[in-house]
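Chemist: In UniProt numbering, the protein residues as written are 1 to 118. Glycine is no exception: its CB is placed at the ideal position from the N, C-alpha and C atoms. There's a structure below that I have some questions on.
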């Protein structure tokens, strides 16, 4: 049985710290159809308290994470009439259901990057 799982974390690169209190939604994609799988909010370490997909439940396919980064930076006092980044979507694929997939987000109010972490 495959025991892969999915995790994430967010780093606030503008302030040099983990991004606590960011709402995250995970979707499974089938063409343009999105099915919500999980919701979580980051803790003080910028991580979710549990994997977004638990060990043994990971399936190959396409996914999307949505990070509500605009609300996070507004809460940090970044007062913009219209935030440049409101929600950061990251679409990614899983091709090994036995692996650990880690999708980190490094964000500022005006840019972000991601990679496949470990």
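What did DSSP end up calling residue 71 once you bin it into helix, strand or coil?
Modeler: The residue you call residue 71 lines up with position 71 of the chain shown. Looking at residue 71 - three-state DSSP - the assignment turns out to be helix.
Chemist: Under a Cβ-count criterion, where at least 16 other Cβ atoms within 10 Å of its own Cβ denotes burial, should residue 117 be classed as buried or exposed?
Modeler: Stepping through the chain shown from its first residue, residue 117 is reached at position 117. Counting Cβ neighbours within 10 Å, residue 117 comes out exposed, since fewer than 16 surround it.
Chemist: Just the C-alpha distance for residue 93 and residue 75, rounded to the nearest angstrom, thanks.
Modeler: Working through the chain shown from its first residue, we reach residue 93 at position 93. Working through the chain shown from its first residue, we reach residue 75 at position 75. One C-alpha to the other measures close to 31 Å.
Chemist: Contact defined as beta carbons within less than 8 Å: I believe residue 48 pairs with residue 24. What is the distance between those atoms, to the nearest angstrom?
Modeler: Translated into the one-based positions of the chain shown, residue 48 becomes position 48. Translated into the one-based positions of the chain shown, residue 24 becomes position 24. Indeed, because the Cβ distance is near 7 Å, the residues count as touching under 8 Å.
Chemist: Between the region 84 to 92 and the region 51 to 61, are three or more C-beta pairs nearer than 8 Å?
Modeler: No: fewer than three Cβ pairs fall under 8 Å.
Chemist: Need the endpoints of the beta strand (DSSP E) that residue 7 sits in, please.
Modeler: Translated into positions along the chain shown, residue 7 becomes position 7. Where residue 7 is concerned, the enclosing beta strand (DSSP E) stretches over 5 to 12.
Chemist: In this structure, how does DSSP classify residue 17 when only helix, strand and coil are distinguished?
Modeler: Taking the first residue of the chain shown as position 1, residue 17 is located at position 17. If DSSP states are grouped into helix, strand and coil, residue 17 belongs with the strands.
Chemist: Quick one: residues in its chain with C-beta nearer than 6 Å to the C-beta of residue 108, no 5 flanking neighbours on either side, listed in chain order?
Modeler: Numbered from 1 along the chain shown, position 108 holds the residue referred to as residue 108. Closer than 6 Å at Cβ, skipping near neighbours: 13 and 14.
Chemist: Any idea if residue 84 is buried or exposed, counting beta-carbon neighbours within 10 angstroms, 16 or more meaning buried?
Modeler: Counting from 1 along the chain shown, the entry for residue 84 is found at position 84. By the 10 Å Cβ count, residue 84 comes out exposed.
Chemist: Use the C-beta contact count for residue 115: other C-beta atoms within 10 angstroms, 16 or more gives buried, fewer gives exposed.
Modeler: Against the chain shown, residue 115 aligns to sequence position 115. Exposed, since its Cβ has fewer than 16 Cβ neighbours within 10 Å.
Chemist: Nearest-angstrom Cα distance between residue 100 and residue 9?
Modeler: As a working mapping, residue 100 is identified with position 100 in the chain shown. As a working mapping, residue 9 is identified with position 9 in the chain shown. C-alpha separation (whole angstroms): 14 Å.
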